[in-house]
Every structure is written in C-alpha cells, then in structure tokens.
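Just below is one structure, and these are the notes that go with it.
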Ligand SMILES: [Zn+2]
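In this note's numbering, the protein residues as written are 12 to 328.
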C-alpha cells in the first residue's frame, strides 16, 4: 500500500517538474550577487535563489562552470545582468534563452539613463548597481521576471518589491547626506577600474579609474602617470582598492606619487563588482553600498560614524 503510493508519487513527480507544485519555491539562478540579492528580496519565501558569482569574483572575466550549467538546467528562471557585463558568458546566455526562461535584467532599464561605454560605441557602462536610483529600475525588472515565471504570486512580489525599494531610497538619502559632507576639493574617487561612473554622477564626484569600464582592458603606463599628475595637482591623499580587482596597478600609482614627493594612502577596499561574504551585512546589496558610501566619505574627510547608515557595518575598516 505504502509502496504503491510512493510509486504513484514518483510517477507524478516525473510528469510535473518541481516548480509545477505550487508550494515548492521557484528555482532561480542569478549571475551576480547583487541580482541574487534582488531576487531574494523580491521573491521572499516563494523563491530559492542560487547566485553564481561569490565574493571577490570578477563578472567581466567569469565563465560558467560545469556545476553552474547543472544548476541552470534545473532552474525555472535564470537572471543575468546583460549590457556586456558578463562578457564571457554572453553567447552562452543567448543560446540558453532558446530553451529556458532567461532574462537580462539590466537591459530592461531605459537606455537614456545609461552612460556610454568608453571603449565600444554601441555599448553602455554596465555598473548600474552603483547608483541606488538606477538599481531600483533593475529591481523592478527582477519583479517583472519573477511575476512572469509565477503569476499567482504577483501580489507577494509587488509587496516585497515596494518594501525593498523603500530601503534603497533610504540608502540613497544616506549617501546624499554623508557624501555631501566631504570637502568639495576632495570629491574625487580614484579606483582600480571604472566601476563608479554612475556613483559619481549620482553624488557629484569625479571618478578616475586606472583601468577602463571592463577589467579586461590593460592599464597603460600613460594612464598611471596621468593619474599621478592629478593626485599631485589636486593634492589628493586617498585612493581605493576593489575586492574583485587586483591592486597591482594601484600600488604602481601610489609609488609613482611617492616618487614625486606626494604621499597617497589606500582609503579602503570597496566592493565594486561583487558583494561581501554571504551571511554578513556587506554580503547584501544595501550593506555593500552602505560600506562603499561610508568608506569613501570617511576616507575623503567627512566626519561620520564608521558603522554606517544603520550601525550594521563591521567596525574598523
Ligand atoms: Zn566592473
């Protein structure tokens, strides 16, 4: 008797994949941690999200692994960023899109809000998460994709989205407040690669990267000596390293300035293209940006608490 119903259940499971069971969570795979976080926030208990790229992983260089492919073939919905961020996976996702539900969430954002790519005439700067305003648009694209995959949960997704957007608005306001507390001459962000263009535009900062918009471009000696000139001319004393990019060229920059008798320090490590450790505050989108905003404002001369927007940042960065 028990055996027969067990067999019946197996037959049922074979006929209807997991997601067809209304109470089983929707299986979502997301490329970057930022998109995975948005899917968790919007999806709540309706989704089970797997993020492919962990802390310190560079999305410009990432290629899908065997286990990523297995996870994607078992999922109901695949979310990637698009805008040529995952440059090495672009073709893979276009192929996969013919068989599975695959959505490039950043491609849904109004192109008139985006910056042109430095190196390619027909492409855009993909680092949208650096601007809370733009990231809200991406969160709405995530909501649309989840709703399309599971229409019966539309109301739940709508309520979760509203709550998350309110948190992002709070972050935006905190950023405006503390970054405006930095003396005007110091509002310059020197980083390893050009991930902070939207951040700079949102908060009125000059942004100078050693490498271009992709980490795949070479940092030339000319670029380094140009930046040394800027550091010396503007008497800037802090530059920033990134968790997902090697700091080799940053050291060349600091040494170049020292050779001209100008002392420059690393103002802190920023999360550019990947979030912090899973399970920590910095391993969430809000925590990642709170960290960046707080570290930048503090290192460039604003007198603010190091624990950030809501006291959640690990002290002593
Ligand atoms: Zn980048």
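A virtual CB, placed ideally from N, CA and C, is assigned to each residue, including glycine. Predicted, not measured: the structure shown is a model, and the values here were computed from it.
By the 10 Å Cβ neighbour count, where 16 or more other Cβ atoms means buried, how is residue 290 classified, buried or exposed?
-> With a threshold of 16 other beta carbon atoms within 10 Å, residue 290 falls short and is exposed.
How is the beta strand (DSSP E) around residue 113 delimited, first residue to last?
-> DSSP places residue 113 inside the beta strand (DSSP E), whose first and last residues are 113-115.
Runs of beta strand (DSSP E) wholly within the segment 183-235 (minimum 3 residues, chain order) = Taking only runs of at least 3 residues, the beta strand (DSSP E) segments lying wholly in the segment 183-235 are 199-204 and 217-222.
For residue 62, collect the residues of the same chain with a Cβ closer than 6 Å to its Cβ; drop the 5 residues on either side in sequence, then sort them by chain order.
-> 41, 44 and 47.
Assign residue 327 to one of three DSSP states: helix, strand, or coil.
-> Interpretation of residue 327 is limited by its pLDDT of 46, a score under 50 that renders its predicted location unreliable; the figure taken from the coordinates is listed afterwards. Here residue 327 sits in coil by DSSP.
How is residue 41 classed by DSSP in three states: helix, strand or coil?
-> strand
Do you know offhand how far residue 159's Cα is from residue 37's?
-> Between residue 159 and residue 37, the C-alpha separation is close to 12 Å.
Is residue 318 helix, strand or coil by DSSP?
-> coil
Report yes or no: do the segment 162-176 and the segment 206-222 share at least 3 C-beta pairs separated by less than 8 Å?
-> no
Distance CB(residue 239)-CB(residue 153) smaller than 8 Å = In this structure, the beta-carbon distance from residue 239 to residue 153 does not fall below 8 Å.
Regarding residue 43 and ligand 1, is the C-beta to nearest heavy atom distance less than 7 Å?
-> Outside the cutoff, so no.
Considering only residues of the same chain and omitting the five flanking positions on each side of residue 212, which have a CB-CB separation below 8 Å?
-> 126 and 142
Go ahead and pull the three-state DSSP assignment for residue 13.
-> Unreliable placement is indicated for residue 13, whose pLDDT of 47 sits below 50; the coordinate value is still reported in the next sentence. Helix, per DSSP.
Rank 119, 298 and 115 by C-alpha distance to the C-alpha of residue 322 and give the top, closest one.
-> For the residues 119, 298 and 115, the minimum Cα distance to residue 322 belongs to 298.
Would you report the Cα separation of residue 123 and residue 105, rounded to the nearest angstrom?
-> 24 Å
When the Cα atoms are used, what is the spatial distance from residue 302 to residue 182?
-> 11 Å
State the DSSP-derived secondary structure class of residue 275, mapped to helix, strand or coil.
-> coil
Under the rule that 16 or more other beta-carbon atoms within 10 Å means buried, what is residue 102, buried or exposed?
-> exposed
Can you tell me whether DSSP reads residue 53 as helix, strand or coil?
-> Reduced to three states, the DSSP call for residue 53 is helix.
How long is the line joining the alpha carbons of residue 193 and residue 267, rounded to whole angstroms?
-> 25 Å
Cβ of residue 285 within 8 Å of Cβ of residue 64?
-> yes
Spatially closest choice to residue 295 from 51, 269 and 233, by CA coordinates = 51
When the distance is taken between beta carbons, is residue 94 closer than 8 Å to residue 118?
-> yes
Return yes when the Cβ of residue 148 is within less than 8 Å of the Cβ of residue 120, no when it is not.
-> Pairing residue 120 with residue 148 gives a Cβ-Cβ distance under 8 Å.
Nonlocal neighbours in the same chain, by C-beta distance under 6 Å from residue 216, ignoring five residues either side | 198 and 200
Taking the alpha carbon of residue 287 as the point to measure from, which residue in 67, 35 and 145 has its own alpha carbon closest?
-> 67
C-alpha gap between residue 30 and residue 136, whole angstroms = Residue placement at residue 30 is flagged as unreliable, the pLDDT there being 49, under the threshold of 50; the coordinate-derived value follows with that caveat. Spanning the two alpha carbons is a distance of roughly 35 Å.
Cα-Cα, which of 292, 92, 188 and 202 is closest to residue 308?
-> For residue 308, the closest of 292, 92, 188 and 202 by C-alpha to C-alpha distance is 188.
Distance cut-off 7 Å: residue 129 Cβ against heavy atoms of ligand 1 | Exclusion of residue 129 from the 7 Å shell around ligand 1 follows from its C-beta lying no nearer than that to any non-hydrogen atom of the ligand.
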